[in-house]
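Now the structure itself:
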């Protein structure tokens with residue numbers, strides 16, 4: 008409601024005006040300088056000025072209410088993915104889009120605002136609808152609906168019209184999107200399954216080892232070729248590696264075809280699985296699919312040297328074999344192993360585990376000395392026959408002094424400040440409950456390294472290390488001061504625990520020890536080894552000075568070369584911590600990159616590679632899903648239309664027309680800020696002064 012308001016009670020103005028009247032009356036009735044008329048005029052002027060000043064001191068404001076009306080909005084989502092033109096010609100599809108525009112214009116003429124968006128949530132101007140490319144690589148209908156509602160969250164959204172074939176290949180079903188407005192769906196495409204053959208998926212491990220054979224499994228989908236013989240081939244570098252044939256036994260279904268391939272060449276290898284086309288196929292574009300596999304030299308080899316057969320050996324083997332990148336060999340002096348995993352003189356070992364070594368009998372002394380000279384990382388596991396004096400001299404992490412053959416039984420207390428690697432809390436809690444292990448009794452002195460586990464005797468956590476890890480120079484090592492891993496693993500099994508805590512502990516220690524320390528001052532890596540052609544390639548950059556402090560503002564020159572030998576050059580700055588450089592629009596293939604920068608006048612280089620695969624989701628399923636669209640419309644209170652009834656949308660929407668949203672806004676304006684009120688006050692005071700000046704009184 009419009010009007011005049013003050014911050015205080017109107018009674019203040021009443022009593023104030025009364026006081027002003029009394030003050031003015033007594034002021035002018037005490038003087039008889041002017042005649043009665045002039046005196047009365049002066050009284051009126053002085054009283055009016057005082058009341059006006061009092062009124063302004065009460066902070067009066069003019070209040071007004073402004074109203075404006077917001078039209079209801081109908082937003083249209085146009086599915087611009089490749090599957091839209093799989094069964095409908097582009098010309099016909101454009102004609103359907105034009106019909107949607109006509110619907111929008113009819114709604115506008117009846118008081119609606121209309122907006123158009125693509126699947127990504129980008130707004131499309133009406134004049135750009137005629138040039139839609141329908142080249143989207145994925146369809147995520149649920150995300151599109153959610154994003155549109157977020158965009159129009161503070162607007163008068165009356166409904167959404169979804170123009171699509173109902174095929175989605177990313178995200179969850181749009182049926183489960185909790186839409187707050189009706190969704191009107193328009194079905195485009197053919198709901199009758201097309202007669203077709205396709206390679207839907209190819210499965211293979213990302214890494215294979217040189218000389219090993221590895222499987223590539225293809226999933227071939229059939230629709231309508233019952234009784235036909237299908238030929239599937241595997242090719243690489245233009246050469247057919249294998250062919251397989253099978254007879255289709257169902258009208259609709261899939262077959263898994265497995266190829267066994269030998270890894271002969273190091274590096275990234277591209278393998279293509281193709282199905283030979285048959286007469287009457289709907290599309291031949293989905294008859295092949297590629298997979299990239301990195302062939303590396305071989306698994307990292309670990310040698311466990313044990314004094315004698317011991318149940319710890321099996322526990323360690325179980326932990327190592329959880330990681331397919333490692334291969335464990337066992338050497339027990341005087342005992343020959345016939346399983347092919349004994350000591351291999353020709354092998355280059357990445358880690359040596361010394362179980363109860365060095366010992367008094369000096370078994371395997373020459374072999375151990377050889378590995379020391381080669382600076383191979385060691386994991387010492389101290390046991391009953393370990394020569395503690397020799398151990399003290401040999402390792403760089405820990406000494407045990409005053410040992411006289413006595414033992415302590417200890418449980419585990421974890422060091423919460425250990426940062427060399429992470430270990431889950433729930434698994435720590437499980438290990439602390441394990442049975443005690445025997446450790447040498449003596450004075451433990453830490454020379455270097457970081458303690459992961461301490462001795463705990465009863466409820467008392469000591470400062471003595473049970474497991475310590477560290478690095479001297481470029482050589483890593485670890486010390487476990489007692490045997491008994493097998494007990495922990497057995498107890499974990501008896502507890503029926505699925506945690507795998509002991510296996511993970513062993514695996515983490517081995518990963519730490521076998522990972523070479525990266526001493527490079529310039530490192531450039533991609534965030535993942537494989538990308539799809541619709542993803543950005545994300546490159547991380549690290550630059551260090553001579554004392555390995557991070558430095559920023561370096562100019563990075565990046566050259567990327569594809570498998571055709573074509574090169575692309577880029578330049579960027581590593582401007583801040585965790586800076587990531589993004590590349591886009593790279594086509595399928597294997598890419599090598601070389602990055603360079605100047606650090607203190609010296610050129611530093613970093614190299615690597617990655618692969619890009621074509622996203623082929625849209626070609627996998629051309630069959631429109633109108634049933635889904637009907638369900639979405641029914642659930643949200645909208646309606647479903649086929650392409651030939653598009654024009655009926657506006658009639659239904661208008662029959663349920665949403666009201667305009669009325670917005671009211673209260674506006675306040677201070678009376679004292681108005682120039683006319685200040686002018687009036689000045690005029691009153693000035694008039695009084697002039698009259699008194701003219702008729703005397705100053």
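Residue numbers (the numbering used here): 8 to 705.
No residue lacks a Cβ here, since even glycine has one placed at the ideal position from N, Cα and C.
Model, not experiment: these values are computed from the prediction.
Completely contained alpha helix (DSSP H) runs for the stretch 321 to 385, where each covers 4 or more residues: 372 to 380
In DSSP terms, what residue 613 is bridged to: 602
Counterpart residues of residue 263 in DSSP-defined beta bridges: 226
Option in 590, 583, 44, 90 with minimal Cα separation from residue 143: 90
Nearest-angstrom beta carbon gap, residue 159 and residue 82 [assumed within contact, 8 Å]: 6 Å
Endpoints, alpha helix (DSSP H) assigned at residue 580: Where residue 580 is concerned, there is no enclosing alpha helix (DSSP H), although the beta strand (DSSP E) it sits in stretches over 574 to 580.
Boundaries (first-last residue) of the beta strand (DSSP E) holding residue 204: 203 to 210
Residue burial classification, residue 34 (beta-carbon count within 10 angstroms, cutoff 16): exposed
Distance between residue 167 and residue 272 (C-alpha atoms, nearest Å): 54 Å
Paired residues, beta bridge with residue 72 - DSSP: 673
Residue 252 in three-state terms, based on DSSP: strand
Simplified DSSP state of residue 547, which is helix, strand or coil: strand
Residue 486 versus 577, 44, 404, residue with shortest Cα-Cα distance: 404
Integer-rounded CB distance, given that residue 327 should sit under 8 Å from residue 312: Incorrect: roughly 14 Å between the Cβ atoms, too far for contact.
Proximity below 8 Å, CB of residue 509 to CB of residue 492: yes
Uninterrupted alpha helix (DSSP H) stretches inside the stretch 127 to 186 (no shorter than 4 residues): 148 to 158
Beta-carbon proximity list for residue 428, same chain, < 6 Å, skipping 5 on both sides: 515, 519
Own chain residues within Cβ distance below 7 Å of residue 262, not counting five before or after: 227, 253
Whole-Å CB distance - residue 443 paired with residue 418, under 8 Å assumed: 5 Å
Cβ-Cβ distance between residue 657 and residue 114 below 8 Å: yes
Whole-number beta carbon distance between residue 206 and residue 282, since they are thought to touch under 8 Å: 6 Å
Identified DSSP bridge partners for residue 421: 460
Residue 84, enclosing alpha helix (DSSP H) - first and last residue: No alpha helix (DSSP H) holds residue 84; the beta strand (DSSP E) holding it covers 80 to 85.
Residue 552 to residue 528 span [Cα, whole Å]: 7 Å
Boundaries (first-last residue) of the beta strand (DSSP E) holding residue 530: 529 to 533
Where the alpha helix (DSSP H) containing residue 109 begins and where it ends: 97 to 116
C-alpha distance - residue 706 paired with residue 23, whole-angstrom precision: Summary: the structure shown does not reach residue 706, with the chain confined to residues 8 through 705, and so no result is reported for it.
Limits of the unbroken alpha helix (DSSP H) element including residue 638: 633 to 643
Residues near residue 461 by beta carbon distance below 8 Å, same chain, minus five either side: 419, 420, 421, 422, 468, 469, 470, 471, 472, 473
Distance between residue 376 and residue 451 (C-alpha atoms, nearest Å): 25 Å
Residues bridged to residue 26 (per DSSP): None, per the DSSP bridge assignment.
Buried versus exposed, by CB contacts within 10 Å (16 or more), residue 544: buried
Range covered by the alpha helix (DSSP H) that runs through residue 56: 43 to 64
Ordered list of beta strand (DSSP E) runs contained in the stretch 462 to 517, each at least 3 residues: 467 to 479, 482 to 487
Where residue 524 sits in the DSSP three-state scheme: coil
C-alpha distance - residue 267 paired with residue 579, whole-angstrom precision: 44 Å
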